[in-house]
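Down below is the structure, laid out as structure tokens.
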Amino acid sequence: MLFQLTILGTSSALPTSNRYPTAQVLHVPGRFFLIDCGEGTQTQMRKYKIGFSKINHIFISHLHGDHIFGLIGLISTMVLLGRINDLHIYSHSELQKFLLPQLQFLYAEEIPFKIIYHPLNFKKEQKIFEDKKVTVYSFPLSHRIPTCGFRFEEKPVLPNLIPAKIEEYQIPIRDRQRIKEGGDFIASNGQLILHSELTTNKHQARSFAFCSDTRYDESYIESIRNVDLLYHEATFAEDNRELAQSTYHSTGKDAATVALKAQVGKLIIGHFSARYKDHTIILKEAQAIFPNTKAISEGEVFQVEKVIGH
Ligand SMILES: [Zn+2]
130 MLFQLTILGT SSALPTSNRY PTAQVLHVPG RFFLIDCGEG TQTQMRKYKI
180 GFSKINHIFI SHLHGDHIFG LIGLISTMVL LGRINDLHIY SHSELQKFLL
230 PQLQFLYAEE IPFKIIYHPL NFKKEQKIFE DKKVTVYSFP LSHRIPTCGF
280 RFEEKPVLPN LIPAKIEEYQ IPIRDRQRIK EGGDFIASNG QLILHSELTT
330 NKHQARSFAF CSDTRYDESY IESIRNVDLL YHEATFAEDN RELAQSTYHS
380 TGKDAATVAL KAQVGKLIIG HFSARYKDHT IILKEAQAIF PNTKAISEGE
430 VFQVEKVIGH
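Numbering (the numbering used here), first residue to last: 130 to 439.
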């Protein structure tokens with residue numbers, strides 16, 4: 130099953146000529162979750178072929194401009210395209226103070242779809258979304274203003290019964306669900322047939338966590354422990370460690386230390402400061418601590434997958 134992350138923006142607050150601020154889309158079959166919405170997100174969605182009407186859930190980590198300035202443009206386009214489906218936004222409750230006056234100014238009458246605001250909890254981890262395929266949690270990070278990270282967990286899918294085994298052991302329909310859920314089977318001759326012999330390989334549920342923006346803080350490590358893919362901001366290299374501290378941001382080394390302590394499968398880093406024309410130094414410092422690290426770039430697509438040995 131698809132569990133795929135598309136990077137729309139990799140930069141931090143100040144504009145650059147070749148990078149966009151934070152926005153990512155997680156694609157699970159039938160669902161496109163937009164995570165943060167920096168300026169130009171809708172342009173990037175066009176470029177990387179992500180349909181506007183497919184976005185029903187938007188997760189906003191915090192209310193700094195480089196994470197929310199794309200919202201009014203995107204919502205206006207949704208209005209122009211005649212959207213009628215509800216749009217769910219998970220964010221600090223104050224987001225409404227920012228969005229509603231703009232929407233009222235632009236659209237004297239009500240817009241033709243509902244925006245449903247879901248306030249985040251900045252004190253503790255919270256389940257914020259659940260359906261048949263995915264569960265989403267928010268958890269507090271450590272930034273200058275209230276900020277949350279997000280964890281997306283795929284739900285496990287039951288294994289299939291092997292048709293030849295159903296035939297061989299004449300497994301009645303009434304027993305099949307129980308076997309799928311982990312049970313064994315006693316054949317008519319009294320022989321015990323183990324679940325593992327009767328079913329295809331067990332599907333391993335995958336997970337992705339998003340951490341932006343935050344300074345190094347071990348308080349959120351439990352919320353991201355063992356995820357298969359971790360995105361963590363790495364605004365600076367060690368040459369700007371003091372700036373990282375004073376602006377509540379992380380260095381590549383910080384991101385990698387978090388990834389190592391949380392025992393994640395793979396780390397991707399971004400939110401690079403505009404002062405780095407080339408972010409190789411940030412990446413190198415991260416890889417020295419957590420080798421399976423990659424620096425993200427616009428348009429890049431990552432499959433969330435189990436890392437061998439993880
Ligand atoms: Zn930011």
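Note that beta-carbon positions come from the ideal geometry of N, C-alpha and C, so glycine has one too.
Quantities reported herein were computed from a predicted structural model and do not represent experimental measurements.
DSSP state of S317, grouped into three classes? Mapped onto the sequence shown, residue 317 falls at position 188. Note: S317 maps to coil in three-state DSSP.
Going by DSSP in three states, G202 sits in which element: helix, strand or coil? Taking the sequence shown and counting its residues from 1, one reaches residue 202 at position 73. Helix.
In terms of DSSP beta bridges, what is A338 paired with? Taking the first residue of the sequence shown as position 1, residue 338 is located at position 209. The partner list for A338 (beta bridge, DSSP) reads R280, L359.
Pull up the CB-CB distance for R370 and T380, whole angstroms please, since I reckon it's below 8 Å. Indexing the sequence shown from 1 puts residue 370 at position 241. Indexing the sequence shown from 1 puts residue 380 at position 251. Indeed they touch by this definition, with Cβ atoms about 6 Å apart.
Would you list the one or two residues that DSSP bridges to Q432? Indexing the sequence shown from 1 puts residue 432 at position 303. Paired residues: Q133.
Please name the residue, chosen from I353, I315, K423, that lies closest to A363 on a Cα-to-Cα basis. As a first step, residue 363 must be located in the sequence shown, where it is residue number 234. When only C-alpha atoms are compared, the closest one is K423.
According to DSSP, simplified to helix, strand and coil, what is R175? Translated into positions along the sequence shown, residue 175 becomes position 46. Correct three-state label for R175: helix.
Just to confirm the assignment, what range does the beta strand (DSSP E) spanning H247 have? Numbered from its first residue, the sequence shown carries residue 247 at position 118. 244-248 is the span of the beta strand (DSSP E), which, as asked, contains H247.
For M130, count the other beta carbons within 10 Å of its own beta carbon; 16 or more makes it buried, fewer makes it exposed. Which is it? In the sequence shown, counting from the first residue as 1, residue 130 sits at position 1. Answer is exposed; the Cβ neighbour count stays below 16.
Just checking, does the segment 197-212 make contact with the segment 151-171 on the three C-beta pairs under 8 Å criterion? yes
Determine the direct distance from the alpha carbon of T376 to that of T253, and round the result to whole angstroms. Locating residue 253 in the sequence shown gives position 124, where the first residue counts as 1. Locating residue 376 in the sequence shown gives position 247, where the first residue counts as 1. Looking at the sequence provided, one finds Lys at residue 253 rather than Thr. Going from the Cα of K253 to the Cα of T376 covers about 22 Å.
Taking the alpha carbon of A403 as the point to measure from, which residue in E223, H191, L210, F365 has its own alpha carbon closest? Here residue 403 refers to the residue found at position 274 of the sequence shown. Checking every option, the nearest Cα to that of A403 belongs to F365.
Does the beta carbon of H193 fall short of 6 Å from some heavy atom of ligand 1? Translated into positions along the sequence shown, residue 193 becomes position 64. Checking the Cβ of H193 against ligand 1 gives yes.
Nearest neighbour of D195, chosen from C166, L209, I187, F188 [CA to CA]: The sequence position of residue 195 within the sequence shown is 66, counting from 1. The option with the nearest alpha carbon to D195 is C166.
Backbone CA spacing between V263 and E282 [nearest angstrom]: Your numbering for residue 263 matches position 134 in the sequence shown. Your numbering for residue 282 matches position 153 in the sequence shown. If I take the Cα positions, the gap works out to 6 Å.
Can you pull the DSSP bridge partners for E296? Position 167 of the sequence shown, counted from the start, is the residue given in the question as residue 296. E296 pairs with nothing; no bridge assigned.
With respect to 6 Å, is the separation between the Cβ of S402 and the closest non-hydrogen atom of ligand 1 below this value? Along the sequence shown, one-based indexing puts residue 402 at 273. No, since every heavy atom of ligand 1 falls outside the 6 Å radius drawn around the Cβ of S402.
Could you check if S267 belongs to the surroundings of ligand 1, using beta carbon to heavy atom distance under 6 Å? Taking the sequence shown and counting its residues from 1, one reaches residue 267 at position 138. No; taking the cut-off as 6 Å, the Cβ of S267 has no heavy atom of ligand 1 nearer than that.
Taking all protein chains shown into account, do 16 or more other C-beta atoms lie within 10 angstroms of the C-beta of Q153, making it buried, or fewer, making it exposed? Looking up residue 153 in the sequence shown gives position 24. Q153 is buried by the Cβ-count criterion.
Residue range of the beta strand (DSSP E) that includes H193: Walking along the sequence shown from the start, residue 193 turns up at place 64. No beta strand (DSSP E) holds H193; DSSP gives it neither H nor E.
F181 to M207 span [Cα, whole Å]: Residue mapping note: residue 181 aligns to position 52 of the sequence shown, counting from 1. Residue mapping note: residue 207 aligns to position 78 of the sequence shown, counting from 1. If I take the Cα positions, the gap works out to 7 Å.
Distance, F132 Cα to E434 Cα: As a working mapping, residue 434 is identified with position 305 in the sequence shown. As a working mapping, residue 132 is identified with position 3 in the sequence shown. E434 and F132: Cα-Cα distance of roughly 8 Å.
Which residues in the same chain have their Cβ closer than 7 Å to the Cβ of L327, if we skip the five residues on either side of it in sequence? In the sequence shown, the residue the question calls residue 327 occupies position 198. Result list for L327: L290, I291, K294, I308, F314, in chain order.
Within this structure, are the beta carbons of F268 and S352 separated by less than 7 Å? On the sequence shown, residue 268 is found 139 positions in, with the first residue counted as 1. On the sequence shown, residue 352 is found 223 positions in, with the first residue counted as 1. Result yes, Cβ atoms of F268 and S352 sit closer than 7 Å.
Residue range of the unbroken alpha helix (DSSP H) whose run includes K382: For the purposes of this step, residue 382 is identified with residue 253 of the sequence shown, where counting begins at 1. From DSSP, the alpha helix (DSSP H) with K382 extends over 381-391.
With DSSP run on the structure shown, which of helix, strand or coil describes A152? Residue numbering aside, residue 152 sits at position 23 when the sequence shown is read from its first letter. If DSSP states are grouped into helix, strand and coil, A152 belongs with the strands.
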